[in-house]
Structures are given as C-alpha cells and as structure tokens.
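Visitor:
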Amino acid sequence: MLDTAMLSPYIADLSDLARAHDLMAEYGPVAAEEATARANQARDRDNVVQFCRWRQVARLVTLLEQPGAWGTIH
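Its first residue numbered 30, the sequence shown is counted upward by one per residue in my numbering.
(1) Determine the extent of the alpha helix (DSSP H) in which residue 98 is found, giving its start and end residues.
(2) Quick one: any contact between the stretch 85-93 and the stretch 40-59, if contact means 3 or more CB pairs under 8 Å?
(3) With a threshold of 16 other CB atoms inside 10 Å of the CB of residue 43, please say whether the residue is buried or exposed.
(4) So is residue 86 buried or exposed if we call it buried at 16+ other beta carbons inside 10 Å?
Here it is in structure tokens:
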C-alpha cells in the first residue's frame with residue numbers, strides 16, 4: 030500500500046487536476062509514467078516550471094489511482 034502521508038500533492042490550479050484526469054483517461058494504469066516522461070522532457074529542455082508541474086501531476090495521478098480515501102476526511 031502507498032504511504033499517502035508522504036505524497037500530499039501541491040495543486041497549483043484546476044488545470045493540474047484536468048491534466049491528471051486527461052492522462053488517466055488516455056493512458057490508464059501508466060498515466061503516472063507518462064507524466065513522469067513529460068517531466069523528464071521538460072527537464073531536458075531546461076524548463077524548470079513545467080518539470081515541477083508534471084512531477085506534481087505524476088504524484089497526483091499516483092494518489093488518485095489508489096483505492097479508498099486519503100488525507101483528512103471530514
């Protein structure tokens with residue numbers, strides 16, 4: 030089981046959630062790997078902002094793929 034306490038995502042805006050959703054719809058179980066690949070491409074182009082954004086999207090996808098709830102439940 031994934032330790033979600035260590036992976037609290039930073040969500041800059043709703044576009045990060047949309048990106049995560051789109052990747053999950055298109056790539057299914059390998060969506061996080063696709064986001065990581067996009068982060069690596071951004072890093073290779075020296076685009077730090079996009080690198081960080083795609084890494085966060087990869088973390089978000091990983092969390093969203095987990096069964097059940099994570100974080101504080103009110």
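Ideal placement from N, C-alpha and C gives every residue a C-beta, glycine not left out.
A quick note: this is a predicted structure, and the numbers were derived from the prediction, not measured.
Guide: So, to answer that:
(1) Neither: residue 98 is in no alpha helix (DSSP H) and is coded neither H nor E.
(2) Verdict: yes, contact present.
(3) Its Cβ having fewer than 16 others within 10 Å, residue 43 is exposed.
(4) That one is buried.
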